[in-house]
Amino acid sequence: MTKKKGGGGEAGFGGVFKGLADLIEKLGDLADKGEQLKKSGEFQHKDVKGVYGFSVKVGLGDKGGKEVKVEPFGNVRRDEKSGETVVQEIREPVVDVFEEKDHTLVVAEMPGISTKDVHLEVQDDLLTINAEKKDKKYRKEILLPRSYPREKMKMSCNNGILEIKCVM
């Protein structure tokens, strides 16, 4: 982990606050439409490059009520022990999981990555995606709706969009 030092980072954080203000304004519209919103950004300070963002999904829940899901991504996190903002070496990609009639489709956004850079691990209903190419490292744990054997997962990647089709 690399700590983000002060000085020069205010412009990057100003963009975060503007993005949050835009988010609040758009959440009302999303609730009515059942849509998705993604916001992201980057900043660089000396040798440290931070990527941050979040995805907000608003839709109908299991019981017919409105459900809001906020999922962060990137490599900027708050250290739980110190409370400091840190830039981690490994990024967490944006991931969507779609349940279809005969399969589950996992879609992950990992710019700069191809199929040969990806390693999948499965334990029961937990899928772990690890990907690495040069200075780009990604890792994400995804809880699948059910358990799938690894040999029943087909993976493809096009322009940094990884698709994993899990068949029963």
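Under this note's numbering, think of the first position of the sequence shown as 1, with each following residue one higher.
Backbone N, C-alpha and C define an ideal beta-carbon position, used for all residues, glycine too.
Predicted model, so just to flag it, every value in this text is computed and none were measured.
Contacts around residue i, its chain only, beta-carbon distance under 7 Å, and the 5 residues preceding and following it disregarded
| i | result |
| --- | --- |
| Leu143 | Asp125 and Leu126 |
| Asn93 | Checking the sequence, you will find Pro at residue 93 rather than Asn. Answer for Pro93: Phe73, Ala108, Glu109, Met110, Tyr138 and Lys140, listed in chain order. |
| Ile161 | Val107 and Glu109 |
Buried versus exposed call for residue i [16 or more other C-beta atoms within 10 Å across all chains shown]
| i | result |
| --- | --- |
| Met168 | exposed |
| Arg146 | exposed |
| Arg91 | buried |
When the options are compared against residue i, the one with the closest alpha-carbon
| i | options | result |
| --- | --- | --- |
| Glu89 | Lys133, Gln123 and Lys101 | Lys133 |
| Val122 | Ala131, Val97 and Glu151 | Glu151 |
| Ala131 | Pro145, Cys166, Gly112 and Arg146 | Gly112 |
| His103 | Lys116, Gly160, Asn159 and Pro149 | Pro149 |
| Lys136 | Asn159, Asp117 and Lys101 | Asp117 |
| Asn159 | Lys165, Ser114 and Cys166 | Ser114 |
Contact set for residue i: own chain, Cβ-Cβ below 6 Å, skip 5 residues either direction
| i | result |
| --- | --- |
| Thr156 | According to the sequence as given, residue 156 is Ser; it is not Thr. Excluding residues within five positions, the ones whose Cβ falls inside 6 Å are Glu163. |
| Val97 | Val106 |
| Met153 | Ile164 and Cys166 |
Would you mind listing the beta strand (DSSP E) stretches within the region 119–146 that are 3+ residues and don't spill past its ends, in chain order?
126–133 and 136–143
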